[in-house]
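Chemist: Counting in numbering that gives the first Met the number 0, the sequence shown runs from 0 upward without gaps. Before anything else, here's the structure in question.
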Amino acid sequence: MSIPRATDVKAWALFCSADFKPFSASSPLLCNNEDFVDVFNRYSLLPASRHVMNNWEAVHECEDERDTDRMRKQANATAERRALTNSLALTGEEDFRILQVVLLMQQAKWLSRRKDELDVVQCDVQNVAHVPDESIPQPDNMKAQLKRWKAEIKHQENLVSNARWNALNTDTQVKHPTAETELTSPLLHNVPPRPLPETEAGYMEGASSNAEAPSFLCTHDVIAPGSAYTKNSGWLFALSPEILSPDM
């Protein structure tokens with residue numbers, strides 16, 4: 000039991016009477032129909048007892064001051080900070096604006112996820128009984144599709160390059176390769192072919208369609224601006240710089 004305060008009259012009278020007024024079995028603290036307040040007021044306390052009571056009141060005052068100081072510090076610690084309030088207000092408005100835009104995009108069905116993506120994310124990778132969906136590309140199929148995609152891109156680049164060459168050079172036309180049997184277009188330079196020497200020109204004009212194709216079919220890695228195309232044989236030759244030299 001803590002020490003009561005003097006403001007609580009009944010508790011204070013009971014506590015002080017029990018501490019300072021002698022009592023025993025033959026002389027009880029309270030007689031019949033008596034009150035603790037009346038007994039405490041009639042009893043004459045000694046100076047030492049009153050000094051102890053004053054010390055109790057001093058302890059109560061110290062506790063009150065301590066509680067007041069704690070409450071003041073707590074109030075200062077929990078007081079509103081203007082900078083923090085402003086920052087939270089700005090953040091709240093920005094978050095609300097972002098969420099509003101996202102909600103509008105979801106309602107317009109601009110933000111949606113495919114069912115197969117949801118299945119992949121939600122499936123349990125540890126479940127051995129899980130059967131993967133065949134519509135989802137597997138790693139092997141993706142590798143083959145990537146290879147085909149690269150081949151198609153290369154074919155389209157060759158078609159564009161050949162079309163550009165045919166538009167700029169009406170005398171020497173390049174056939175468009177097909178996707179299955181593609182002839183890599185070497186004519187990436189927008190420079191017309193140089194005139195050939197008589198020996199080489201005669202050889203190329205005399206080449207028949209039944210002649211075996213020469214082994215030096217050019218590619219885009221080794222082609223030079225001075226290349227030529229023959230309409231009879233349909234083959235593309237890369238001539239060496241010595242043959243194309245005008246000094247010969």
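All C-beta atoms in this analysis are idealised placements derived from N, C-alpha and C, irrespective of residue type, glycine included. Note that the coordinates shown come from a computational prediction; the quantities given were computed from them, not determined experimentally.
Run through the stretch 1-40 for me and flag every whole alpha helix (DSSP H) of 4 or more residues, listed as ranges in chain order.
Modeler: 8-19
Chemist: I want to know whether the stretch 5-24 touches the stretch 37-48 - three or more CB-CB distances under 8 Å.
Modeler: yes
Chemist: From what residue to what residue does the alpha helix (DSSP H) around W55 run?
Modeler: P46 to A76
Chemist: Grouping DSSP H, G and I as helix and E and B as strand, with all else coil, what is L103?
Modeler: L103: helix per DSSP, three-state reduction.
Chemist: Can you tell me the Cα-Cα spacing of S251 and P21, whole angstroms?
Modeler: With the chain covering 0 to 247 only, the question about residue 251 has no answer from this structure.
Chemist: Can you have a look at L216 and say buried or exposed, based on whether 16 or more other CB atoms are within 10 angstroms of its CB?
Modeler: Confidence at L216 is low in this model, with a pLDDT of 40, below 50, so its placement is unreliable and no value can be given for it.
Chemist: Would you kindly work out how many angstroms separate the C-alpha atoms of N254 and R69, rounded to a whole number?
Modeler: Since the first residue of the chain shown is 0 and the last is 247, residue 254 is not available in this structure.
Chemist: Under the assumption that E56 contacts A5 (Cβ atoms under 8 Å), give the Cβ distance between them as a whole number of angstroms.
Modeler: 6 Å
Chemist: Just how far apart, CA to CA, sit A285 and A78?
Modeler: Here the chain covers residues 0 to 247 and nothing more, so residue 285 does not appear.
Chemist: Classify S95 as buried or exposed, calling it buried when 16 or more other Cβ atoms lie within 10 Å of its own Cβ.
Modeler: Residue 95 is actually Phe in this sequence, not Ser. When all chains shown are included, F95 counts as exposed.
Chemist: With the cut-off set at 8 Å, would you say V101 and L110 are in Cβ contact?
Modeler: yes
Chemist: Looking only at its own chain, which residues have a Cβ that is under 6 Å from the Cβ of I152, when we skip the five neighbours before and after it?
Modeler: None.
Chemist: Should W148 be labelled buried (16 or more other beta-carbon atoms within 10 Å of its own) or exposed?
Modeler: exposed
Chemist: Within 10 angstroms of its Cβ, does C30 collect 16 or more other Cβ (buried), or is it exposed?
Modeler: C30 comes out exposed.
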